[in-house]
Every structure is written in C-alpha cells, then in structure tokens.
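Below: one structure, written as structure tokens.
In our numbering, the protein residues as written are 4 to 72.
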C-alpha cells in the first residue's frame, strides 16, 4: 500500500525483497503470482525472471512450496 512500484522496479529489487521478509502474507502473495501468471516483479520475496518459461516454471514451483509451508 505504501509504494507498490517498489516491487516492480528492477533497480531496487533488494529493498523490495527485504520488505517481503517481514510480511505475514508472503506465502499468499507468491501464490497469487502463480495464479495470475505474473512474470515480472517481486512476489512473495522472490524476483520473477520475466518471460523465460524454464526459469519461470522453477520459480513458480518455489512459490507454491513457500505457500504450502
């Protein structure tokens, strides 16, 4: 809510990932990225790789695993 653009700016992604560590909705956020088919940005504390299907599949699997935990 404070700065949604933070999570889509590749130059400050570390700051976004750092903020995710404290968020109680991190698992749900990553799950939402998978369901929505997001390809860019930081979701659930993970930087999505863009439109690279092999890397994206691995990232989605990691986010689903995080959600299930």
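Where a beta carbon is used, it is the ideal one built from N, C-alpha and C, also for glycine.
Run through DSSP, which three-state label would residue 69 get? Residue state, collapsed to three classes: helix.
Unbroken alpha helix (DSSP H) run spanning residue 39, endpoints: Note, residue 39: alpha helix (DSSP H), 29 to 39.
Which residues in the same chain have their Cβ closer than 8 Å to the Cβ of residue 24, if we skip the five residues on either side of it in sequence? Closer than 8 Å at the Cβ level, and outside the excluded window around residue 24, lie 48.
Outcome for residue 55 when other beta-carbon atoms lying within 10 angstroms are tallied against a minimum of 16: By the beta-carbon neighbour count (other beta carbons within 10 angstroms, threshold 16), residue 55 is exposed.
Alpha carbon to alpha carbon, what distance is there between residue 9 and residue 18? So the two alpha carbons sit approximately 8 Å from each other.
Straight-line CA distance for residue 44 to residue 65? Between residue 44 and residue 65, the alpha-carbon positions lie close to 15 Å from each other.
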